[in-house]
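Numbering-wise, the numbering used here puts 218 at position 192 of the first sequence, and it's gapless, one number per residue.
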Amino acid sequence: MTLLTDVFDDPAPRARGGIDPALLEGLNERQREAVEYRGRALLIVAGAGSGKTSVLTRRIAGLLSSREAWPSQILAITFTNKAAAEMRERVEHLVGGAADGMWISTFHSACVRILRRQAEAMGLKAGFTIYDAADSRALVKRIIRDADLDSFGFTPGGVLSRISKLKNELTDLESFARNVDSTDARELGFLEIYRRYTEALRRANALDFDDIIGETVYLFRAFPEVAALYQRRFRHVLVDEYQDTNHAQYALIRELVRPVDADVADAVEAKQGWAPALRAPDGSIPGASLTVVGDSDQSIYAFRGADIRNIVEFEQDFPEAHVILLEQNYRSTQRILDAANAVIANNFDRKAKRLFTTSGSGEPIVGYTGYSGHDEAQFVADEIESLRDAGMDYSQIAVFVRTNAQTRPLEEVFIREGVPYRLVGGTRFYERAEVKDAFAYLTLVANPDDDLALRRIINVPKRGIGDATVAALQARADRVGVPLREVLREPEELGLGPKLQAAIRELDVLLDEGTRMAADRPPHEVLMHVLTASGYHAVLKASRDPQDEARAENLDELVSQAKEFRNQYPEATLIDYLTSVALFAAADELDAAEDATGNAAGGARGKVTIMTLHTAKGLEYDAVFITGVEEELLPHRMSLLEPGGIAEERRLFYVGITRARKRLYLSLATSRASFGDVSVAMPSRFLSEIPGDLIEWRGDRRSQGGWSGGGGFRSLGDRGAPRRPAIGASASGRTSGRDPAKPKTEWRTPIGAVRDNGDLKLAVGDRIRHTDFGEGRVANVIENGPRTVAEVEFDGGARKRLLVKVAPIEKL
DNA sequence: CCGTGCAAAAAACTT
DNA sequence: TTTTGCACGG
27 MTLLTDVFDD PAPRARGGID PALLEGLNER QREAVEYRGR ALLIVAGAGS GKTSVLTRRI
87 AGLLSSREAW PSQILAITFT NKAAAEMRER VEHLVGGAAD GMWISTFHSA CVRILRRQAE
147 AMGLKAGFTI YDAADSRALV KRIIRDADLD SFGFTPGGVL SRISKLKNEL TDLESFARNV
207 DSTDARELGF LEIYRRYTEA LRRANALDFD DIIGETVYLF RAFPEVAALY QRRFRHVLVD
267 EYQDTNHAQY ALIRELVRPV DADVADAVEA KQGWAPALRA PDGSIPGASL TVVGDSDQSI
327 YAFRGADIRN IVEFEQDFPE AHVILLEQNY RSTQRILDAA NAVIANNFDR KAKRLFTTSG
387 SGEPIVGYTG YSGHDEAQFV ADEIESLRDA GMDYSQIAVF VRTNAQTRPL EEVFIREGVP
447 YRLVGGTRFY ERAEVKDAFA YLTLVANPDD DLALRRIINV PKRGIGDATV AALQARADRV
507 GVPLREVLRE PEELGLGPKL QAAIRELDVL LDEGTRMAAD RPPHEVLMHV LTASGYHAVL
567 KASRDPQDEA RAENLDELVS QAKEFRNQYP EATLIDYLTS VALFAAADEL DAAEDATGNA
627 AGGARGKVTI MTLHTAKGLE YDAVFITGVE EELLPHRMSL LEPGGIAEER RLFYVGITRA
687 RKRLYLSLAT SRASFGDVSV AMPSRFLSEI PGDLIEWRGD RRSQGGWSGG GGFRSLGDRG
747 APRRPAIGAS ASGRTSGRDP AKPKTEWRTP IGAVRDNGDL KLAVGDRIRH TDFGEGRVAN
807 VIENGPRTVA EVEFDGGARK RLLVKVAPIE KL
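See below:
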């Protein structure tokens, strides 16, 4: 996020040099054209790895260095905050630091910024809360219960996805209500929930994710003079990942690049006291120039309302648009591109586009079929170790999964094998209950109208304010017509016991203190105060439940992250902090953590990254493992029913393949644990779309030659036969049936301290016993504090790297 | 009002 | 397999 002062009225710079030749250096002809072209609308169709970020940053740098635009006249939209930060950095580097005032941000960050400034126009207060998916869910859940509508079988998930779709299509409550089928009781039930949800958000002074975009569009449409501020200011709008924009985002862009009518322009300039902007002959301010970059083959967010037509029909939308195709790939080997091209060619309704490279065919793609998720994970771990032995850094290796559930076996095996890894996304830090509790306090301090936040913490830590009391408070709030927060100010009004009154008064005082602090103290101090004064932190610390200990530590971690934020943005207010957290994306944690390891002194060796295919978009790695390439997983079973679902899954697979620079591994398992029991899996149809000679199948049973023709899959009948894992694995029998003697806990959670050998010290020559591998001799010890790794030669012949602290081993 | 214990439900992807 | 919701006794 950016917290720079906005410059709304800079006259356009005069001097126009050409584009600095240095900015064009090393670009191919198409890329050069994309940097240099000037006109109303430009579509850059950028295939994977075609250097689009480079083109985009140089295009911006060109606008600045030729003095065609001030930084403040540029708005660049990226998909993640991380991409925004990266782009800013690269532009600053190119132009030598003169990028202040430029807006480079995500759709959501940009819109929140606009809405906070113009909140009153929309009937909001500037301190509005942003509800994340979990908040919305909790709210809808309560509404369904309160409205006695559960008989229709409404589920929070179903209701929310429908509301989200409506909002992404800019169908607000009123227009939906107008068109609702009033003979359909279930439809009316849904309408009632939608209505209550909308009202609850409004009363709580809150917006959900979809509102952030939609309300901005409504703002611009309802208040042309407000829109004009931004239309007049931004002369160059650039949008990355255009194929993933939904209708609301599309509408927003259209509003932003719309010309300003003469009378509106006059009015705004008079009101603000600005000098007239450059006008067209008819007195209007011409619309901004628009550059969009995207690749319809990488559109993977249809489930979130992304409309591929936005990019496909760009030329109809903007008849004067110029289109540039970037097909030369600078990332992957030809073999990887061949596989990618072959797969995506099966999507029939796409414009022909073929990626090519001049950098050689490279290594074969490696395939592997495991017996289970664990076996597959073992293969991945073994291959990672041999890549490392061949000199590849862990940080250059990524493992992709379709669903977060797949990460478990990977983590378990990686921990056991001592493969350092980092999980991106998954159960996120900011989703943990205690962290959300802490944020509920802060939210309430910033936005007293937020009943949901108050309900969350009114009895956390335990204050003796139970359901009955909350109901009484709520009843009074409803009667008087004030937020719940207001009722806390007069507990004596309710005839409660003295203990309860005291508890309520204490909470009331605490929240007021927080609000007072927030006015002139940094966010982390407010955070520390509410955590301490509420006793929340102390209660967790004092608990004898080991999980509470971890929770207390998470709160400590939260405080230090808040301090970190303070260092990065010294001027930031509490609301800025809450906004930044609310809009933090999974992909954003990538670089933060990477910096942390990368900067570590003394040759710290980076980590393998595990993430979903969705999160992987836009990234690249030397070696990529795509796991779970199975029917019903990739393509996911939920996609089979939706029209276009398979095509989207195929694009997802395509995105995964094209992340790889040098090595690509495709793996699957013939059975996979889900929900507790085991289900059988078939190889993905996508595998048969890759020419057989591109893949080298590993493992004993693959000698028959893979299933490039679609056949060759092992029948279910021989699944029970005990087999050896193929690659450098031990003979533990891990893959065919579990060893009942093995204690289960040792497979368990990487985060919690389930297995902990404390400060067990091993030296070369020590004998140890491992639960899976049996006895062995320590051959080497790599000291690294708590991450000390021992290399052990097991008597069975296998040689393993083990993380001493957590490996299921004992010293003999 | 709080803690315990059992039954039931739940997991695609994400701003 | 893990998390959540509800009934019960204190």
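C-beta: ideal position from N, C-alpha, C; glycine also.
Predicted model, so just to flag it, every value in this text is computed and none were measured.
Check, Outcome
"Going straight from the alpha carbon of Met637 to that of Leu304, what length do you get?", "48 angstroms"
"Can you tell me where the alpha helix (DSSP H) with Lys688 in it begins and where it stops?", "Careful: Lys688 lies outside any alpha helix (DSSP H), inside the beta strand (DSSP E) at Ala686 to Ala695."
"I'd like the list of long-range same chain contacts for Ser665, defined as Cβ closer than 8 angstroms, with 5 residues on each side in sequence excluded.", "Gly671, Ile672, Glu674 and Glu675"
"Do the segment 170-184 and the segment 259-268 touch if we need at least three Cβ pairs shorter than 8 angstroms?", "no"
"Return the Cβ separation of Glu51 and Asn372 in integer angstroms, given the expectation that the two are a contact with Cβ distance under 8 angstroms.", "So it is not a contact: roughly 38 angstroms between Cβ atoms."
"Glu443 and Ala407 - do their beta-carbons sit closer together than 8 angstroms?", "yes"
"Pick out the complete alpha helix (DSSP H) segments inside the segment 191-250, 4 residues or longer, and give them in chain order.", "199-205, 211-229 and 235-248"
"Over what stretch of residues does the beta strand (DSSP E) that includes Leu795 continue unbroken?", "Note that residue 795 is Arg in the sequence shown, not Leu. Element bounds for Arg795: Arg793 to His796."
"With 16 other CB atoms within 10 Å as the buried threshold, where does Asp364 fall?", "buried"
"Need the endpoints of the beta strand (DSSP E) that Arg724 sits in, please.", "Ile721 to Arg724"
"What is the DSSP secondary structure of Gly399, counted as helix, strand or coil?", "helix"
"Taking the alpha carbon of Asp602 as the point to measure from, which residue in Trp723, Leu553 and Arg139 has its own alpha carbon closest?", "Arg139"
"Residues in the same chain with beta-carbon distance under 8 angstroms from Thr104, minus the five sequence neighbours each way, listed in chain order, please.", "Ala110, Met113, Ile130, Ser131, Thr132, Asp266 and Glu267"
"Where do the ends of the beta strand (DSSP E) carrying His563 lie?", "Careful: His563 lies outside any beta strand (DSSP E), inside the alpha helix (DSSP H) at Tyr562 to Ala568."
"Start and end of the alpha helix (DSSP H) containing His348?", "From DSSP, His348 is part of no alpha helix (DSSP H) but of the beta strand (DSSP E) over His348 to Leu352."
"Pro97: buried (16+ other C-beta within 10 angstroms of its C-beta) or exposed?", "buried"
"Taking Asp703 as part of the beta strand (DSSP E), name the residues at either end of that continuous run.", "Asp703 to Val706"
"Just list the residues that DSSP pairs Met637 with in beta bridges.", "Phe426"
"What's the call for Thr761, buried or exposed, on a 16-neighbour Cβ count within 10 Å?", "In this prediction, Thr761 scores a pLDDT of 32, lower than 50, which makes its location untrustworthy; the coordinate-derived value is nonetheless stated afterwards. Thr761 is buried by the Cβ-count criterion."
"Please list the terminal residues of the continuous alpha helix (DSSP H) segment that includes Ala74.", "Here Ala74 belongs to no alpha helix (DSSP H), and DSSP marks it neither H nor E."
"Can you tell me which of the three DSSP states Ala67 falls into?", "strand"
"Could you pull out every residue in the same chain whose Cβ sits closer than 8 angstroms to the Cβ of Ser315, ignoring the five residues on either side in sequence?", "Arg64, Gly65, Arg66, Ala67, Leu68, Arg261, His262, Val263 and Val283"
"Going straight from the alpha carbon of Ile721 to that of Arg414, what length do you get?", "21 angstroms"
"Considering only the beta carbon of each residue, do Leu522 and Leu510 sit closer than 8 angstroms?", "no"
"In this structure, does DSSP put Gly320 in helix, strand or coil?", "strand"
"Taking Asn194 as the reference, give the member of Ala472, Phe180, Tyr327 and Glu819 with the closest Cα.", "Tyr327"
"Starting from the Cα of Ala464, find the closest Cα among Ser560, Asp475 and Arg489 and give me that residue.", "Ser560"
"Helix, strand or coil for Ala699 per DSSP?", "strand"
"Return helix, strand or coil for Arg58, following the three-state DSSP convention.", "helix"
"For Arg515, write down the residues that DSSP places opposite it in a beta bridge.", "Paired residue(s): none; Arg515 is not in a bridge."
"Using CA coordinates, which residue listed in Thr696, Val818 and Arg685 is at the minimum distance from Tyr356?", "Arg685"
"Whose C-beta lies closer than 6 angstroms to the C-beta of Ile835 among residues of the same chain, with five residues either side of it excluded?", "Ile794 and His796"
"Assign Ser741 to one of two classes, buried (16 or more other C-beta atoms within 10 Å of its C-beta) or exposed (fewer than that).", "Legend: pLDDT at Ser741 = 33, less than 50; position of this residue unreliable, no value from coordinates given."
"Going by C-alpha to C-alpha distance, which of Ala72, Ala695 and Tyr456 sits closest to Asp401?", "Ala695"
"So Ala544 and Val471 are in contact, right, with Cβ under 8 angstroms, and what is the actual spacing, rounded?", "6 angstroms"
"Counting beta carbon pairs with one atom in the segment 547-559 and one in the segment 585-592, are three or more of them shorter than 8 angstroms?", "yes"
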